[in-house]
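Going down the list, the protein sequences come from chains A and B. Those letters in the first sequence? Residues 2 to 755, by the numbering used here. Those letters in the second sequence? Residues 4 to 330, by the numbering used here. Notes follow once the structure below has been shown.
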Amino acid sequence: MALEPIPSAPILSTREDAQAPKKKKIKTTKVVNGVDTEVEIEVDDVPTVAWPERSKLRVLNHDIPRVDGPDKVSGAARYTHDVRLPGMVYAQILVSPLPRAKVVKLDVEAARKVKGVVHVLVIQGESTGWLGDPVAAVAAETLEAAQDGLRALAPKFEALPWSVDHETATKSGAPAVTKNGNLGKPETDGDETKARAALQASPTRVKATYQVPIQHHACLETHGVVVDYRGGTEATVYCSTQYTHGFAAEAAEVLGLPASSVTGINEHMGGGFGSKFGMDKQGQVACQIAKELKRPVHLMLGRREEFLMSGNRSGGIQTIEAGCEADGKFTGFLVQAFKHGGLGRGSLAALPYCYSAAEHYRSVQSVRMHLDANRAMRAPGSPQASFPMESIVDELAYAAGIDLVAIRKRNLPRDASWQRQLDRAAREIGWADHPHKTKPGPALGTECIGIGFGVSAWGGGGADECEVEVRIERDGSVVTACGSQDLGTGTRTYMAAITAEEFGLPVAAVAARLGNSRLGNSVASGGSVTTASLAPAVKDAAAKARVAFATHLAAVLGLPGDGFRFEPEGILHDGAKAPTAMSWKKACGTLPAEGLRANGRWVESLASRGVNCTQAARVAVDPGTGRVLVLHMVCVQEVGLPLNRLALRSQIQGGMIQALGYAISEGRVIDPVLGIQLNPNFEDYKVPHALEIPRMTAIIDDEDTRQGVIGVGEPPVIPGAGAIANAVHNACGARVRELPITPDKVLQALGKVV
Amino acid sequence: MKSFRLVNPTTLDEAIDFASDRAAGSSKFLAGGQDLLTEMKEHLSGPDRVVNLKSIPGLDALDSSGGSLRIGALTTLSRIERDAAVRAHWTALAEAAHSVASPQIRTCGTIGGNLCQRPRCWYYRLEEANCLKKGGTECFSYGGLNKYNAILGGGPTYIVHPSDLAPALVALGAEIVLRSKSGERRMPLEKFYVLPADGDVTKETVLADGEIVTEIVVPKPAAGTRSTYVKFKERESYDFALSAVGASVVLEGGKVAAARLCLGAVAPVPWRVERAEKVLVGRVLDETAAREAANEALRGAEPLSQNAYKVPLTKTLVERALLALAR
Ligand SMILES: Cc1cc2nc3c(=O)[nH]c(=O)nc-3n(C[C@H](O)[C@H](O)[C@H](O)COP(=O)(O)OP(=O)(O)OC[C@H]3O[C@@H](n4cnc5c(N)ncnc54)[C@H](O)[C@@H]3O)c2cc1C
């Protein structure tokens with residue numbers, strides 16, 4: 002029988018259908034008088050949602066091009082920076098040029114007199130406490146007038162003593178950040194006596210000190226906001242943020258409006274990497290000015306201010322003493338670590354990181370300085386731990402004469418996926434044919450080839466925080482909506498794809514709406530939790546919409562509700578003999594005027610957590626110049642259920658690139674005497690560009706067959722720097738223990754600098 | 004950026020008049036703007052008037068028909084790097100032009116602007132550091148963070164000259180032509196640059212206020228001439244040199260009849276090393292000769308606390324440049 006639509010049939014509200022599940026009876030065990038007994042109980046008849054088997058997926062687990070790609074490359078995508086509103090003013094911020102200073106002069110009157118300036122706000126007129134501490138803001142009719150206004154303030158600062166380097170900050174009597182001084186109380190774990198004894202008894206022992214610089218998030222779009230408030234009871238804030246809902250709520254507070262009256266909008270954003278969770282000072286200032294002027298305010302940080310005041314990945318120094326048995330088994334680890342997180346505590350994962358040792362002892366201290374506080378940055382604390390750890394693993398391996406892959410496998414859990422990943426990475430990078438497996442190559446010629454390895458782990462699980470709506474209109478259009486944000490990771494794309502999969506539709510037939518706090522709640526996007534929190538809720542909503550749609554069609558067509566299949570060729574019914582497809586459009590035409598809506602929430606069984614990752618790097622070192630050219634990077638990573646393989650590989654590649662920058666070129670440089678940052682721009686702060694990008698092999702570890710979604714953005718940024726540092730050493734014997742590995746350090750390590 | 008008036012002269016004389024009119028305030032010549040605009044944005048330069056040289060016709064000639072190479076000051080780097088005659092006969096210049104920044108910058112940047120560009124020293128480039136170069140009292144690089152600074156010819160400032168074209172042109176024996184109210188002067192390019200110890204530390208050249216670079220003239224190479232420019236940078240994508248060498252040799256019967264070597268990014272001026280040139284004359288250009296010349300080129304280097312690596316690095320570059328010419 003052909004499924005013919007009956008356009009004007011009476012229809013029950015599908016929303017109620019979806020939300021009032023029937024009851025069903027299930028069997029379960031119950032302890033009765035101390036004995037397990039099987040009993041029958043009644044529960045809600047909610048169809049259990051599950052991801053289809055991987056082989057049955059039509060859209061998901063394939064390469065899905067980014068749905069917003071064309072908008073991004075054509076410039077149609079509107080970022081916060083791009084927002085222009087009638088009557089809008091531009092605001093700019095003056096920051097402390099010194100780590101600590103008394104503000105001795107701020108010529109507010111002169112600034113007010115600058116043509117176009119409409120408002121001058123003194124944020125703190127007395128003293129400043131860190132390099133980049135906001136001092137004043139000026140709002141004007143144009144960006145240029147606002148900048149002129151800042152200069153007209155002709156600020157004069159009187160230096161107060163500061164600590165911006167490890168040596169100064171840890172001296173007794175050093176200019177202190179807190180009243181307890183700069184050196185935090187040591188946090189320890191493990192047993193020192195046992196660790197020392199284990200080391201003493203080790204046939205092979207090494208000791209070395211490793212240093213990592215402060216790394217910047219280097220978001221292409223600087224931090225900032227456009228506040229649309231013109232007086233009255235409503236406001237809209239356009240924000241470059243990792244937490245659209247949180248931002249709107251914070252803005253409401255500063256504007257003095259109920260949270261329900263403020264809308265946060267974040268359609269596209271140019272990077273966050275952990276630095277954009279809150280509205281920060283610049284957001285507060287923009288709201289204050291908007292409230293005062295009753296005009297929209299555009300406040301995006303300039304590049305220098307971005308470098309100084311928007312957070313960073315903490316740096317640090319770690320001294321490690323480690324030992325192993327003749328077979329490579331780690332015996333003892335002794336670690337003394339210092340974290341450099343500016344005003345913050347810094348962040349550092351525990352050693353021996355993914356590996357295990359018979360005994361370990363670790364003491365970690367924060368060293369405070371008069372610099373902006375560290376913030377979360379893609380896998381907080383982990384690259385800082387991985388680089389020294391992977392380095393010392395190699396140092397032990399060479400000292401004991403053990404193959405670099407073998408020593409890793411020896412000290413990672415036998416049943417862990419790293420074992421197979423190391424084999425795969427070794428194969429892809431060409432380890433079998435590499436001549437230097439147990440000692441580095443000689444520093445001869447112009448191109449010494451070396452290989453290095455590293456491993457990492459991350460959680461990436463989700464939580465019940467997202468509310469998703471799937472909406473089907475009478476004309477056949479479909480929308481998946483949630484207030485979440487797309488950090489550039491592909492959130493929008495899988496929101497459309499999951500719904501498309503459910504209904505047998507092409508991805509392009511589903512619109513994804515996000516980046517608006519009026520839409521359903523969502524998580525803050527950090528710690529790789531977004532996908533594992535949001536994707537299950539999308540699936541839940543889509544599945545509920547499908548059930549509701551089937552129930553509706555069943556009523557319209559007089560067929561049993563559970564026989565419907567939504568396929569690319571149309572909607573089929575299993576119960577009908579020789580089914581003829583009913584087109585999606587025709588079926589939707591039977592819906593009531595308001596269409597069909599279903600709401601979804603997180604379903605624990607649709608998500609999973611815990612990802613292992615292994616990387617290998619092949620480099621060429623020129624011992625005559627110290628040049629390091631990364632030739633090839635390989636990453637093998639678990640991902641749980643792959644939603645979009647293209648986006649997954651893209652995340653992995655992005656992680657490898659960020660690790661490459663950390664390894665060979667990035668790092669904040671501060672002159673401790675003048676108290677200024679010497680590289681607060683993209684000319685001198687060297688992120689990798691097109692010509693730095695090596696061949697990249699991003700491999701999804703498909704032996705991970707978990708049918709749950711996991712966030713994957715953090716693991717690939719972790720092991721790359723250690724792998725590259727190890728490859729440099731493997732190539733020619735240059736062990737550089739301080740990142741970034743620049744030519745001067747390589748020449749130094751080779752003993753060429755006298 | 005400070006507000007300024009943009010003037011568009013149509014003749015050289017008019018441009019010189021504009022720039023010499025002190026009553027109208029300070030002025031700066033604008034060529035491709037790739038350096039000047041960054042200086043103005045950072046408030047290192049704040050002219051009242053910007054005199055646009057691009058509005059003057061005829062300043063962008065590139066002509067080798069007479070045997071020597073005449074390059075108008077406004078000729079862009081991308082034109083120079085692509086010109087077939089330059090690539091064939093003045094190879095070092097083509098290679099140097101190609102090594103500058105990025106294609107986008109080379110499309111706008113000119114040879115005149117490249118030779119007159121200001122230093123890139125961290126301290127000089129930051130407005131907050133009132134260094135000697137900017138009229139302050141101290142060269143902060145001397146006791147500060149100096150990995151990019153000078154190992155030769157430094158003091159009292161330790162900037163390095165950033166131009167890639169200059170060392171190549173010095174190696175090719177180029178001359179520079181200047182024009183001002185008091186007429187035209189012409190000099191070997193190496194005389195155009197002055198060491199901080201020999202003149203005004205806030206300047207790098209002999210260029211007077213209101214004086215314009217009009218042309219660069221590179222002599223016709225003698226038979227048997229080969230030249231190259233070897234640049235080493237920290238990052239493959241756009242970057243300034245950590246060290247560089249422009250080299251030109253005349254080979255006759257397998258031996259060096261004449262040589263010119265000029266180092267870049269190691270001294271406040273393009274650093275010609277005549278003693279190293281002498282080492283080569285009359286010899287077969289082999290590894291030993293190259294090594295001796297390299298050692299000679301770096302003799303007298305006085306590294307600061309963090310840039311001693313430039314010594315072995317530059318030696319490597321000199322050796323490699325010479326051996327490349329021998330091939
Ligand atoms: C990101 C970046 C990377 C760079 N990398 C390199 C590099 O690797 N190597 C390198 O050599 N350079 C580099 N540069 C520097 C430089 O901008 C270019 O080399 C370019 O050639 C400058 O030429 P311009 O025509 O744009 O000069 P402008 O900016 O117009 O002028 C520069 C200076 O010269 C003066 N001037 C210009 N023309 C004349 C003239 N005819 N007579 C008198 N004075 C004149 C101007 O007043 C100004 O002071 C880089 C610049 C940037 C921004």
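Here a beta-carbon is modelled for each residue, glycine too, at the ideal position from N, C-alpha and C.
Report the neighbours of residue i on chain A: residues whose CB is nearer than 7 angstroms to its CB, in chain order.
| i | result |
| --- | --- |
| B:E239 | L692 and E693 |
| B:A88 | Near B:A88 there are no residues of chain A at all, since even the closest Cβ is about 28 angstroms away, more than 7 angstroms. |
| B:A132 | L675 and I677 |
Classify residue i as buried or exposed, calling it buried when 16 or more other Cβ atoms lie within 10 Å of its own Cβ.
| i | result |
| --- | --- |
| A:P744 | buried |
| A:T210 | exposed |
| A:D623 | buried |
| B:E305 | exposed |
| A:A533 | buried |
| A:S357 | exposed |
| A:H120 | buried |
| A:A757 | Residue 757 of chain A is absent from the structure shown; chain A starts at 2 and stops at 755. |
| A:N517 | buried |
| A:M2 | Caution is warranted here: a pLDDT of 40 is assigned to A:M2, below 50, making its placement in the model unreliable, and the coordinate value is therefore given only provisionally. Flag for A:M2 reads exposed. |
| A:A160 | exposed |
| A:T439 | exposed |
| B:A1 | Missing from the structure shown is residue 1 of chain B; chain B here goes from 4 to 330 and no further. |
| A:K116 | exposed |
| B:M190 | exposed |
| A:Q289 | buried |
Taking only three categories from DSSP, how would you classify residue i?
| i | result |
| --- | --- |
| A:C641 | The amino acid occupying residue 641 of chain A in the given sequence is Gly; Cys does not appear at that position. In the structure shown, A:G641 sits in a strand (DSSP, three-state: E or B). |
| A:S164 | coil |
| A:E307 | helix |
| B:D201 | helix |
| A:Q654 | helix |
| A:I430 | helix |
| A:W603 | coil |
| B:E45 | coil |
| A:Y230 | coil |
| A:R519 | coil |
| A:A10 | Bear in mind that the predicted position of A:A10 carries a pLDDT of just 34, short of 50, making it unreliable; the figure below should be weighed with that in mind. Correct three-state label for A:A10: coil. |
| A:F550 | helix |
| A:S383 | helix |
| B:G115 | helix |
| B:V53 | strand |
Along chain B, in chain order, which residues have C-beta atoms closer than 8 angstroms to that of residue i?
| i | result |
| --- | --- |
| A:L679 | W125, Y126, L129 and L148 |
| A:G117 | Those within 8 angstroms of A:G117 in chain B number zero; the least Cβ separation is about 11 angstroms. |
| A:P744 | F235, E237, L245, Y312 and L316 |
| A:Q749 | Y312 |
| A:S666 | E237 and R238 |
| A:T626 | F235, L316, T319 and L320 |
Under 9 angstroms Cβ-Cβ, which residues of chain A neighbour residue i?
| i | result |
| --- | --- |
| B:F143 | D672, V674 and L675 |
Applying a beta-carbon distance threshold of less than 9 angstroms, which residues of chain B neighbour residue i?
| i | result |
| --- | --- |
| A:S164 | Ordered by position in chain B, no residue passes the 9 angstroms Cβ test against A:S164, which lies about 17 angstroms from the chain. |
Which chain B residues are close to residue i, counting only those with a beta carbon under 7 angstroms from its beta carbon?
| i | result |
| --- | --- |
| A:K753 | P315 |
Could you check whether the Cβ of residue i sits closer than 6 angstroms to any heavy atom belonging to ligand 3?
| i | result |
| --- | --- |
| B:I59 | Summarising the ligand content, the structure contains ligand 1 and does not contain ligand 3. |
Output, in sequence order along the chain, the residues in the region 291 to 323 of chain B whose CB is closer than 9 angstroms to any CB in chain A. P306, Q309, N310, A311, Y312, K313, V314, P315, L316, K318, T319, L320, E322 and R323
Chain A contacts from the region 226 to 253 of chain B (Cβ-Cβ distance under 8 angstroms): F235, E237, R238, E239, S240, Y241, D242 and L245
Along the region 464 to 489 of chain A, where does the CB come closer than 7 angstroms to a CB of chain B? Name the residues. none
Determine which residues of the region 284 to 295 of chain A have a Cβ less than 8 angstroms from any Cβ of chain B, and write them out in chain order. none
What residues from the region 98 to 130 of chain A come within 7 angstroms of chain B, judged by C-beta to C-beta, listed N to C? P98
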